[in-house]
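Under the numbering used here, the first residue of the sequence shown is numbered -17, with each subsequent residue one higher. The C-beta atom is built at its ideal place from N, Cα and C for all residues, glycine as well.
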Amino acid sequence: MAVLPQAHSTFSPRTRQSAPRTFRPVLPLAVGALLAAPILAFWLLGLRIAFTGSACPPGIYRATALRPRDTLARGQLVLACLPETLSRFALERGYLARGAGCGDDIEPVGKRIGALAGDTVALAPDYVAVNSRRLPNSASRTRDSRGREVPHVSFGTHAVKAGEVWLFGEADPRSWDSRYFGPVPTSTVRAELKPVITW
């Protein structure tokens, strides 16, 4: 009966002892690549996921950067970086989260432009009206979902100045928007959001 020489046996004790033990990170690298690929694709394509429906249906949206010469329009769905004091307040309250897009590392708000320069915004406890047209779901709340008092813009009529916009989330009565934080500079509006797929 033929016997293979021990030197050629892949199961010999000598071969097992002399084989170097190496860690092959193939599986962790593959899993990491699978997780990173969608994130990278979203970043490269300018895609964002809207989880709440305050200003638009939940879904995936493409963010297109706005240039200074681009014209803003009422009803346009945009991303805006709030002034630092507002964004810090929103972060502390949990209204906004950490994220890219603004210089303070706090995510921008995604809202619809409700009023532009020359418009009139009327704020009352139970509604907001732009140029006498009442916005849906626009009653002001005195407390948020955790029972904390929510500051709001003074009730009355406000003329929108040049270089300002008012942002609203008309689809959800709980939207934290310009009825609470007031107008923001047009320069803070960074991108327009277009739906890719909604649900």
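Measure the C-alpha to C-alpha separation of tyrosine 162 and arginine 115 and round it to an integer number of angstroms. Roughly 19 Å between the two C-alpha positions.
Can you tell which of Ala82, Asp87 and Pro65 has its C-alpha closest to the C-alpha of serine 160? Nearest C-alpha to serine 160: Pro65.
Could you say if the stretch 138 to 146 and the stretch 36 to 54 meet the contact criterion of at least three C-beta pairs nearer than 8 Å? Pairwise C-beta distances place the stretch 138 to 146 out of contact with the stretch 36 to 54, as fewer than three of them are shorter than 8 Å.
What do you get for leucine 257, buried or exposed, if any count of 16 or more other CB atoms within 10 angstroms of its CB means buried? Residue 257 is absent from the structure shown; the chain starts at -17 and stops at 181.
Among the candidates Thr102, Ala153 and Asn119, whose CA atom is the shortest distance from the CA of glycine 138? Measuring from the Cα of glycine 138, the nearest candidate turns out to be Thr102.
What number of angstroms, rounded off, separates the C-alpha of tyrosine 109 from the C-alpha of histidine 134? In a straight line, the C-alpha of tyrosine 109 is about 13 Å away from that of histidine 134.
Cutoff 6 Å; reference arginine 30; Cβ partners in own chain excluding five residues on either side: Tyr43 and Ala45.
If you count every other CB in all the chains shown that lies within 10 Å of the CB of glycine 151, and 16 or more means buried, which is it? Answer is buried; the Cβ neighbour count reaches 16.
How big is the Cα-Cα spacing for arginine 128 and glycine 85? The alpha-carbon atoms of arginine 128 and glycine 85 are separated by roughly 28 Å.
Name the two residues that bound the continuous alpha helix (DSSP H) containing phenylalanine 163. Element bounds for phenylalanine 163: 160 to 163.
Here's the rule: buried if 16 or more other CB atoms are within 10 angstroms of the residue's CB, otherwise exposed. What is glutamate 174? Glutamate 174 is buried by the Cβ-count criterion.
Helix, strand or coil for glutamate 131, going by three-state DSSP, please let me know. Glutamate 131 carries a strand assignment under DSSP once its states are collapsed to helix, strand and coil.
Provide the residue span of the beta strand (DSSP E) that contains phenylalanine 71, from first to last. For phenylalanine 71, there is no enclosing beta strand (DSSP E); the enclosing alpha helix (DSSP H) covers residues 66 to 75.
Only counting the same chain, and skipping five residues up and downstream in sequence, which positions put a Cβ closer than 7 Å to that of alanine 141? Excluding residues within five positions, the ones whose Cβ falls inside 7 Å are Thr102.
Measuring CB to CB, does valine 60 end up less than 8 Å from valine 171? The answer is yes: Cβ separation under 8 Å.
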